[in-house]
Amino acid sequence: MATDTQSAAEASGPGMPQLDFSTWGNQIFWLVITLVVIYLILSRVALPRIASVLAERQGTITNDIAAAEDLKAKAQEAEAAYDKALIDARAEAGRIVAETKAGIQADLDKAIATADTKIAAKAAEGEKVIAEIRAGALDNVKVVAKDTAKEIVAAMGGKADAKSITAAVTARMKG
Amino acid sequence: MASEAQGAETGGLEFHPMDQFNIESLFGGPIAWYTPTNAALWMGLAILAVIGLMVLTTSKRSVVPSRGQSVAELAYGFVYKMVEDVSGKDGVVYFPYIMTLFMFIVCANFLGLIPMSFTTTSHFAVTVVLAMAVFLTVTVLGFVKNGTKFLGLFWVSSAPLALRPILAIIEVISYFVRPVSHSIRLAGNVMAGHAVIKVFAGFAAIAVVSPIAIAGIVAMYALEILVSFIQAYVFTILTCVYLKDALHPSH
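Line by line, the protein sequences give chains A and B. Basically this note's numbering = 1-based index in the first sequence + 17. Basically this note's numbering = 1-based index in the second sequence + 502.
So this is what it looks like as structure tokens:
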């Protein structure tokens, strides 16, 4: 190993090429050029470009989130509108039911009223007939009473004229 | 690597774990400061990797990212959040600089894991420049932003008065050790891992131990993948911590 390093040292001067200061100037020259070139590439092209891409992406993400929120709000609005329509429809249905019920009730009332008047008319007619019959019956009673009175008077042996009997019966019946 | 193959052929064990770190001119000839070397080549490839990772993947600018774009965005978010959390809101201004450091180190580390490649971040020349750049920037920034109040960083006002001068000396020393530890930590970790893999590879020439050696290479390689990222992360987060000290020097 020792002889090896010795031979290597003989071949290339000092043991460590890093410490061969004769090459430093060369390396530093090229290094400075390299660093300046890399700096120019990065600061003029690469870094602004990447920064703009990142900013653009951030903007896109923000916009997308805003759009999503908009759509969500719209969906909620639509849901609210749907709910409102449902409630309206229910109210409308209730109203129609109530209206129909009221209409039927009115018809019913009307029909009942008609029926009532008809019944009342029929009843009045019936009462009239009964009154006629009653009056007729009273007249018959008068006739029967006259006849009966005449017969009774005749049977008692009297002779009564029709006129006086009628007057007597009428007076009696009035009383 | 060629010499290693020769060593295996001759039957003897030859270890050249450090040869992989040699700086070589791409087209031969002596190495002057402007010579295109393997270090220059792999730094250039790191630039291409950064372009591929951060520019080409994001070219569509899609809101729903592709795989590549997610990686780029992840890297961006990772470093951005680190800067924001550690350095505070006013540290975000320096985010491109820190991102440059992170992207270079992470790309260089991972490119270095390609077999036969050259790892630029294993060289102190590279990491010292990176660390000194951070150190000098942060120190200048501290004085520019806070004036003499920046020296309050070394004056631990929460400690007993008698202890404060001693603590101040310790704080000053630790402050100046920062660039050393900052640079050696990165280069040392990367270099050590690569050297150990090379040593295992040398043992693989012996038939009897080669299965163990190869298993060792695999295990070390897995560890190195982890180290590549973690060292880039550590370098970056320490940069953020130093930046925080410069922006808010009070303890």
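In this text, a Cβ means the ideal position worked out from N, Cα and C, and glycines have one as well.
| Item | Value |
| --- | --- |
| Please report the residue range of the alpha helix (DSSP H) in which F637 (chain B) lies. | F626 to N648 |
| Smallest Cα separation from I549 (chain B): which of A:K127, A:A98 and A:L52? | A:L52 |
| Taking only the alpha-carbon atoms, compute the straight-line gap between F38 (chain A) and L728 (chain B) and give it to the nearest angstrom. | 30 angstroms |
| Any C-beta of chain B within less than 7 angstroms: which residues of the stretch 53-66 of chain A qualify? | V54, I55, Y56, I58, L59, S60, V62, A63, L64 and R66 |
| In whole angstroms, give me the CA-to-CA distance for M618 (chain B) and Q522 (chain B). | 8 angstroms |
| With 16 other CB atoms within 10 Å as the buried threshold, where does A633 (chain B) fall? | buried |
| Mark R680 (chain B) as exposed unless 16 or more other C-beta atoms lie within 10 angstroms of its C-beta, in which case mark it buried. | buried |
| In terms of residue numbering, what span does the alpha helix (DSSP H) encompassing E96 (chain A) cover? | L64 to A172 |
| Pull the bridge partners of L539 (chain B) from the DSSP assignment, please. | Sequence check: residue 539 (chain B) is Thr here, not Leu. Answer by DSSP bridge pairing, in chain order: B:S527. |
| So is P532 (chain B) buried or exposed if we call it buried at 16+ other beta carbons inside 10 Å? | exposed |
| Should F606 (chain B) be labelled buried (16 or more other beta-carbon atoms within 10 Å of its own) or exposed? | buried |
| So which residues on chain E does T639 (chain B) lean against when the C-beta distance must stay under 8 angstroms? | Looking for chain E here will not work: the only protein chains present are A and B. |
| Counting only Cβ pairs nearer than 7 angstroms, list the residues of chain A close to V557 (chain B). | I58, V62 and A63 |
| Taking Cβ-Cβ distances below 8 angstroms as the criterion, which residues of the stretch 67-84 of chain A are in contact with chain B? | I67, A68, S69, V70, L71, E73, R74 and T77 |
| By the 9 angstroms beta-carbon criterion, what residues does the stretch 619-650 of chain B contribute toward chain A? | T622, S624, H625, F626, A627, V628, V630, V631, L632 and A635 |
| Return helix, strand or coil for K176 (chain A), following the three-state DSSP convention. | coil |
| Using the Cα positions of N691 (chain B) and Q733 (chain B), report the straight-line distance between them to the nearest angstrom. | 8 angstroms |
| Please state the DSSP three-state secondary structure of A707 (chain B). | coil |
| In or out: M173 (chain A) buried (at least 16 other Cβ within 10 Å) or exposed? | exposed |
| Can you tell me which of the three DSSP states I533 (chain B) falls into? | coil |
| If you count every other CB in all the chains shown that lies within 10 Å of the CB of L688 (chain B), and 16 or more means buried, which is it? | buried |
| Need the endpoints of the alpha helix (DSSP H) that D587 (chain B) sits in, please. | R569 to S589 |
| When burial is assigned at 16 or more other CB atoms within 10 Å of the CB, is S660 (chain B) buried or exposed? | exposed |
| Between the beta-carbon of R61 (chain A) and the beta-carbon of T560 (chain B), is there less than 8 angstroms? | no |
| Does the separation of the CB atoms of T602 (chain B) and L59 (chain A) fall below 8 angstroms? | yes |
| Could you pull the start and end residues of the alpha helix (DSSP H) that V608 (chain B) belongs to? | F597 to G614 |
| Do the stretch 561-578 of chain B and the stretch 63-82 of chain A touch if we need at least three Cβ pairs shorter than 8 angstroms? | yes |
| Kindly say whether P713 (chain B), judged by its beta-carbon, lies nearer than 8 angstroms to any beta-carbon of chain A. | no |
| Measure from the alpha carbon of W657 (chain B) to the alpha carbon of each residue in B:I600, B:D747, B:Y582 and B:T639, then state which is nearest. | B:D747 |
| Do the stretch 634-643 of chain B and the stretch 735-749 of chain B make contact, defined as three or more Cβ pairs closer than 8 angstroms? | yes |
| Mind reading off the beta-carbon distance from P751 (chain B) to N648 (chain B)? Whole number of angstroms is fine, and I expect it under 8 angstroms. | 6 angstroms |
| For Y599 (chain B), which of A:D156, A:I55, A:R74 and A:G111 has the nearest alpha-carbon? | A:I55 |
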